[in-house]
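Here is the structure we will look at, set down as C-alpha cells.
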Ligand code: FAD
Ligand code: DHB
C-alpha cells in the first residue's frame, strides 16, 4: 500500500468505488480505504433502481457488461391509492426515459472485481480514524489496518464514508451547515424467493401505511412496508408481513400478491439530511457522507453516482490542465441536483406515507394530490421527470472543454 497518493478515498461503498474507477481511467492516482471486509460490503442490501445517467457512467467505468445482461429496464411505475391504480409512463411523460432495476449489491460486486483486477489500490479492513490537515497543502489520513495504526498522505481527500463516517468530522465547528429532517416512520424491507407479482414497481398509498413492491430478478421480489420507528423485525413473522402487504396493495379489479419464502428482513429509519458546502479545503464530501434522502423515489445511490462523476471530471481537469475551476465549482454543481432530489424524495415520502399524527383531512389531501397526478399529464410529467432523474453534468464521456496543454 503506498504511503502517499493524489486522492485518498475514505469508504468503499458505491461512491468511493465508482470514483476510484473513474479516476483510474483518467490517470489520476488514488487509494480506497474501506473499514469492512469484502463479503460485508458486497452483501449489504440497499438500493435497486438506477437512473439512465447512473447506467451510463457505470458503462463508461467499464462496469456495464453484467448490468446490460441482467438489469431489468423499466418504462414506468404504478401508483396505487384509494383502491385504484395509475401507471406513470416514462417514455410518454419524460422524453423516452427509462430506469434500470439492478441491485446495489451487484453494482458494488462489479466495481470491486474490476478494481481488484486492474487497480487502483483498495484496502478492506482499513478503518479510517481521522482525516487531518484538510486546510493544509498535505492532508493526512490516519487508519488502522491489521491491528496497526498507519498513515496515508495525499493531495486531496474524498469522504465517501456514508452518513456515519468520520470524514465529515474533520471539518472544524462552523465549517459546515447542516439541514435535517427525521420522519415518524421506518421501512421494513424484505427479500423473498418468489417471482414479482407485477412487471413494474408499485408505490401504494393506503390508510394502513405505505407499501412498495420492487424486485431483484425474475425470481426474487423486494418489498417494503411502512412500520413505526423502533420496530423490531421479531414483531413481524412472515405471515403477518404477507397479510399486511395484501391489505395495503388491495385494489378494485384483478390482482394477486404471490407469497414465497422470505430470505431477509430489516428495518430502516428514514431521514433527509444535507450538509453544505460539500468541501472544506482539500477535503471533499460525496454520496451519503454529504446528503441523505428518504428512500421513497430511489435517489440515494443515483446522487452518489452523480457527485463522483462531477468530482472525477474535476480531478481529471486538474490533472490534465492544472485548472481548479471545476473542483472549485464542485459543491455548487452538485448541490443543485441534491436539493432537487431532496425535494422530490420529501414529496414522495410525505405524499405516500401515513404520518401517525395526521388527520383524516390530511389523508384526503394526499389522495387529492395523487388524483391530480393521475388526471393531469402535466402533474404526472413532473413526477416522471424527477423519477428518471436529471442528465449528468457533464454528460459521461464528453470532455468539459477542448484539452489544453498539461501544466508544469
Ligand atoms: P455507503 O453505501 O454508506 O458506503 C460508505 C462506505 O464507507 C461503507 O462501505 C462503509 O463501510 C465505509 N466506511 C464508513 N466509515 C468508514 C471509516 N471510518 N473508514 C473506512 N470506511 C468507512 N438509492 C437509490 O439510488 N435507489 C434506490 O432504490 C435506493 N434504495 C434504498 C433502499 C434502502 C433500503 C436503503 C437503506 C438505501 C437505499 N438507497 C437507494 C440509498 C443508497 O443505498 C445510498 O445512497 C448509497 O449506498 C450511498 O452510497 P455511498 O457510497 O455514498 O455510501
Ligand atoms: C427500491 C428501493 C426504493 O427506495 C425505491 O424507491 C424503489 C425500489 C428497491 O430497493 O428495489
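Numbering (the UniProt record's numbering), first residue to last: 1 to 408. We treat Cβ as the ideally placed atom computed from N, Cα and C, and that holds for glycine.
query: What separation, rounded to the nearest whole angstrom, lies between the Cα atoms of residue 400 and residue 320?
result: Unreliable positioning characterises residue 400 in this predicted model, as indicated by a pLDDT of 45, which lies under 50. A coordinate reading is not provided.
message: Taking 7 Å as the cut-off, is the C-beta of residue 78 nearer than that to any heavy atom in the ligand FAD?
response: no
- request: Would you decide whether residue 376 is buried or exposed? Buried here means 16 or more other CB atoms lie within 10 Å of its CB.
  value: exposed
message: I'd like to confirm the pairing. Which residues does DSSP put opposite residue 163 in its beta bridges?
response: Bridge partners of residue 163: none, in fact.
- request: Output the distance between the C-alpha atoms of residue 370 and residue 189, rounded to the nearest integer angstrom.
  value: 24 Å
task: Quick one: residues in its chain with C-beta nearer than 7 Å to the C-beta of residue 407, no 5 flanking neighbours on either side, listed in chain order?
output: Residue placement at residue 407 is poorly supported in this model, since its pLDDT is 34, which falls under 50; the coordinates still yield a value, given next. Hits under 7 Å: 321, 322.
task: Using beta-carbon positions only, say whether residue 314 and residue 392 come within less than 8 Å of one another.
output: no
task: Note the first and the last residue of the continuous alpha helix (DSSP H) segment covering residue 418.
output: Summary: the structure shown does not reach residue 418, with the chain confined to residues 1 through 408, and so no result is reported for it.
task: For the alpha helix (DSSP H) containing residue 315, list its first residue and its last residue.
output: 300-321
query: In three-state DSSP terms, what is residue 57?
result: helix
message: Between the alpha carbons of residue 170 and residue 267, how many angstroms are there, rounded?
response: 30 Å
- prompt: Is it the case that the Cβ atoms of residue 227 and residue 123 are separated by a distance below 8 Å?
  reply: no
task: Might you give, ordered along the chain, the residues of its own chain that have their beta carbon closer than 7 Å to the beta carbon of residue 326, omitting 5 neighbours on each side?
output: 313, 314, 317, 400
- request: Compare the C-alpha of residue 36 against each of 295, 162, 117, 374 and name the closest.
  value: 162
query: What residues in its chain sit with their C-beta under 8 Å from that of residue 363, if we drop five residues either side in the sequence?
result: Within its own chain, the residues whose Cβ lies closer than 8 Å to the Cβ of residue 363, once the five positions on either side in sequence are excluded, are 207, 354, listed in chain order.
task: Please list, in chain order, all residues of the same chain as residue 82 whose beta carbon is under 6 Å from its beta carbon, the five residues on each side excluded.
output: 367
Span of the beta strand (DSSP E), counted from its first residue to its last, around residue 107: Secondary structure note for residue 107: it is in no beta strand (DSSP E), and the uninterrupted alpha helix (DSSP H) holding it is 104-118.
message: Please classify residue 302 as buried or exposed, where buried requires at least 16 other C-beta atoms within 10 Å of its C-beta.
response: Per the 10 Å Cβ criterion, buried.
field: Local Cβ density within 10 Å of residue 212, reported as buried at 16 or more and exposed below that
entry: buried
query: To which residues does DSSP link residue 158 through a beta bridge?
result: 9, 284
- prompt: With distances taken from each beta carbon to the nearest heavy atom of the ligand DHB, which residues come in below 5 Å, in chain order?
  reply: 48, 49, 214, 222, 295, 298
message: Assuming the contact rule is C-beta atoms closer than 8 Å, residue 110 and residue 47 should be a hit. Round their C-beta distance to whole Å, please.
response: Wrong, their Cβ atoms sit about 14 Å apart, outside the cutoff.
message: Suppose contacts are defined by Cβ-Cβ distances below 8 Å. Is residue 308 in contact with residue 330 by that definition?
response: Contact check for residue 308 against residue 330 fails: the beta carbons are separated by 8 Å or more.
field: Proximity of residue 15 and residue 341 at Cβ, strictly below 8 Å
entry: Taking the C-beta atoms as reference points, residue 341 is found no nearer than 8 Å to residue 15.
field: Cβ neighbour criterion (16 or more within 10 Å) applied to residue 2
entry: exposed
query: How about residue 255: is its Cβ closer than 7 Å to a heavy atom in the ligand FAD?
result: no
- request: Locate the alpha helix (DSSP H) running through residue 377, then write down its first and last residues.
  value: 377-388
Local Cβ density within 10 Å of residue 338, reported as buried at 16 or more and exposed below that: buried
Segments of 3+ residues assigned as beta strand (DSSP E) that fall wholly inside the stretch 201-262: The qualifying runs are 202-204, 211-217, 220-227.
message: So for residue 294, helix, strand or coil by DSSP?
response: When secondary structure is reduced to three states using DSSP, residue 294 falls in the coil class, being assigned neither helix nor strand.
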